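Read the structure below first, then the notes.
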Amino acid sequence: MEWFPNGIWAYAGGGVLIGLSVSIIYAGTGIIAGASTFLDSTLSYISGLSRFQDYAASRDWRIVFTFGIVVGAMVYALLFQEGTWTTAISWPRLLVGGILVGIGTRLGKGCTSGHGVCGVASLSKTSILNVIIFVIVAMGMAQLMQAIGAMP
Amino acid sequence: MSTLLIFAGGLVFGFGLALSRMTQPEVVLSFLQWDDFGLGLVMGAASLVAGLTFHLVRRFKQQAPLGGKSYELREKTFDKNVIIGGVIFGLGWGVSGICPGAAYASLGIGNWPILIAITGMFLGTYLLGWWQFKREQQAPNNKLNQ
Chain A
1458 MEWFPNGIWA
1468 YAGGGVLIGL
1478 SVSIIYAGTG
1488 IIAGASTFLD
1498 STLSYISGLS
1508 RFQDYAASRD
1518 WRIVFTFGIV
1528 VGAMVYALLF
1538 QEGTWTTAIS
1548 WPRLLVGGIL
1558 VGIGTRLGKG
1568 CTSGHGVCGV
1578 ASLSKTSILN
1588 VIIFVIVAMG
1598 MAQLMQAIGA
1608 MP
Chain B
3 MSTLLIFAGG
13 LVFGFGLALS
23 RMTQPEVVLS
33 FLQWDDFGLG
43 LVMGAASLVA
53 GLTFHLVRRF
63 KQQAPLGGKS
73 YELREKTFDK
83 NVIIGGVIFG
93 LGWGVSGICP
103 GAAYASLGIG
113 NWPILIAITG
123 MFLGTYLLGW
133 WQFKREQQAP
143 NNKLNQ
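For the record, the sequence lines run as chains A and B. Residue numbers for the first sequence, in our numbering: 1458 to 1609. Residue numbers for the second sequence, in our numbering: 3 to 148.
Here it is as structure tokens:
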């Protein structure tokens, strides 16, 4: 079995860039930037529910951060990608997956960037435990999807 | 000034996600299905670089130059929601191969169907907020009934 059939450099390089991004924001502002709080903070513009209003103070910079993420990927695509790329994953999987991700990341206080990168980098026990759980569950789920023939 | 820095940080974050193809749910699924362990390298390299910065910055300085926030690491509090949330997130991640940051970046490479997933994420987040609100409303009544 080959562990990295597509090589390691794009992965390692991308990972270093993600780490650098977290680094420059932390060094400059003291903020630890995760991606999923954007969901709560942005809902505070349209809903008065206390859960969302608790994040209202950070909602402006989180929109800027998310907009930066979209533009950064766009810059990559303009430089190195031919045309647009679209997924072949069916819309029910995207929708159901999205809903579960929304509930899970906000209930569990973080996602692949908040817990997976920033939390692990802080050696936070809560984050490391959360990451171990979601990786194991996701592997089981993804392999179940494969076993029942949901392709891709 | 700090807004500009956060935008620049977002740019680098999104570029890194696209370079490592985490913007493609299929590549994330190939990690979860043990066909290509690249995602582990992405997370490992990112954590290593960020961890080194967290350590060094805190060793030499106390306050951030922009905004004057003191350098802290937040240890998120542990409770059963961290476990339940992790399980639910894992189910969603395994079904679709998408997570929040990578989904935003995926828009940037022209993957318009990802809007369905992002809509789902907002729906899920809203459901959770609404459910917590209902529970808080009912809590005092429960106490009276006891």
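Backbone N, C-alpha and C define an ideal beta-carbon position, used for all residues, glycine too. Keep in mind the model is a prediction, meaning the values are calculated, not measured.
Cutoff 9 angstroms: residue i Cβ touching any chain C Cβ
i	result
residue 1605(A)	Note that chain C does not occur in the displayed structure, where the protein chains are A and B.
Rounded straight-line distance, which links the Cα of residue j to that of residue i
i	j	result
residue 1560(A)	residue 54(B)	31 angstroms
residue 112(B)	residue 1545(A)	13 angstroms
residue 25(B)	residue 107(B)	6 angstroms
residue 1533(A)	residue 136(B)	44 angstroms
residue 1499(A)	residue 134(B)	18 angstroms
residue 1548(A)	residue 1592(A)	23 angstroms
residue 1575(A)	residue 1472(A)	12 angstroms
residue 94(B)	residue 35(B)	14 angstroms
residue 57(B)	residue 1463(A)	32 angstroms
residue 117(B)	residue 62(B)	42 angstroms
residue 122(B)	residue 98(B)	11 angstroms
residue 146(B)	residue 140(B)	Here the model assigns residue 146(B) a pLDDT of 47, short of 50, so the residue's position is not dependable and the matter cannot be decided.
residue 10(B)	residue 1506(A)	31 angstroms
residue 1459(A)	residue 132(B)	46 angstroms
residue 1503(A)	residue 1520(A)	14 angstroms
residue 1594(A)	residue 86(B)	11 angstroms
residue 1487(A)	residue 71(B)	6 angstroms
residue 1597(A)	residue 1572(A)	20 angstroms
residue 4(B)	residue 1605(A)	48 angstroms
residue 1494(A)	residue 37(B)	31 angstroms
residue 1510(A)	residue 1583(A)	24 angstroms
residue 33(B)	residue 67(B)	39 angstroms
residue 148(B)	residue 1527(A)	Note that residue 148(B) scores 37 on pLDDT, short of 50, meaning its location in the model is unreliable; the coordinates nonetheless yield the value given after this. Their backbone Cα atoms lie some 51 angstroms apart in a straight line.
residue 1586(A)	residue 42(B)	16 angstroms
residue 1629(A)	residue 138(B)	Since the displayed chain A opens at 1458 and closes at 1609, residue 1629(A) lies outside it and no answer follows.
residue 1470(A)	residue 52(B)	14 angstroms
residue 69(B)	residue 1542(A)	39 angstroms
residue 6(B)	residue 96(B)	35 angstroms
residue 1474(A)	residue 1513(A)	28 angstroms
residue 1590(A)	residue 1461(A)	23 angstroms
residue 74(B)	residue 1536(A)	37 angstroms
residue 1501(A)	residue 1581(A)	28 angstroms
Nearest-angstrom Cβ-Cβ length linking residue i and residue j, presumed shorter than 8 angstroms
i	j	result
residue 16(B)	residue 1525(A)	6 angstroms
residue 1551(A)	residue 102(B)	Not a contact, Cβ separation roughly 13 angstroms.
residue 1518(A)	residue 100(B)	Their Cβ separation, rounded to whole angstroms, is 23 angstroms, which puts residue 1518(A) and residue 100(B) out of contact at 8 angstroms.
residue 1468(A)	residue 44(B)	5 angstroms
Terminal residues of the alpha helix (DSSP H) in which residue i lies
i	result
residue 1509(A)	1507 to 1510
residue 1552(A)	1548 to 1564
residue 26(B)	First-last for residue 26(B): undefined, no H or E at that position.
residue 61(B)	40 to 62
residue 1529(A)	1516 to 1537
residue 89(B)	82 to 98
residue 1502(A)	From DSSP, residue 1502(A) is part of no alpha helix (DSSP H); its letter is neither H nor E.
residue 1594(A)	1582 to 1604
residue 102(B)	102 to 110
residue 1488(A)	Run containing residue 1488(A): none; DSSP gives neither H nor E here.
Spatially closest choice to residue i from the options, by CA coordinates
i	options	result
residue 1492(A)	1586(A), 1594(A), 1569(A) and 1584(A)	1569(A)
residue 1562(A)	91(B), 34(B), 42(B) and 40(B)	91(B)
residue 1538(A)	4(B), 5(B), 23(B) and 3(B)	23(B)
residue 1530(A)	73(B), 13(B), 3(B) and 6(B)	13(B)
residue 1466(A)	40(B), 33(B), 3(B) and 96(B)	40(B)
residue 1485(A)	44(B), 32(B), 33(B) and 60(B)	60(B)
residue 83(B)	1564(A), 1458(A) and 1490(A)	1564(A)
residue 1578(A)	1489(A), 1516(A), 1523(A) and 1460(A)	1489(A)
residue 1607(A)	28(B), 4(B) and 5(B)	28(B)
residue 21(B)	68(B), 104(B), 87(B) and 89(B)	104(B)
residue 130(B)	1512(A), 1508(A), 1597(A) and 1584(A)	1508(A)
residue 19(B)	110(B), 32(B), 71(B) and 68(B)	110(B)
residue 1588(A)	88(B), 96(B) and 119(B)	88(B)
residue 1540(A)	73(B), 114(B), 37(B) and 66(B)	114(B)
residue 64(B)	1542(A), 1483(A) and 1494(A)	1483(A)
residue 120(B)	1516(A), 1475(A) and 1523(A)	1523(A)
Query raised in the report: If you pair each beta-carbon of the stretch 68 to 88 of chain B with each one of the stretch 1595 to 1602 of chain A, do three or more pairs fall below 8 angstroms?
Result: no
Report task. Inspect the CB distances between the stretch 1550 to 1565 of chain A and the stretch 119 to 128 of chain B and report whether three or more fall short of 8 angstroms. Result -> yes
Query raised in the report: Can we say the stretch 39 to 51 of chain B touches the stretch 1474 to 1489 of chain A, given the rule of at least three CB pairs closer than 8 angstroms?
Result: yes
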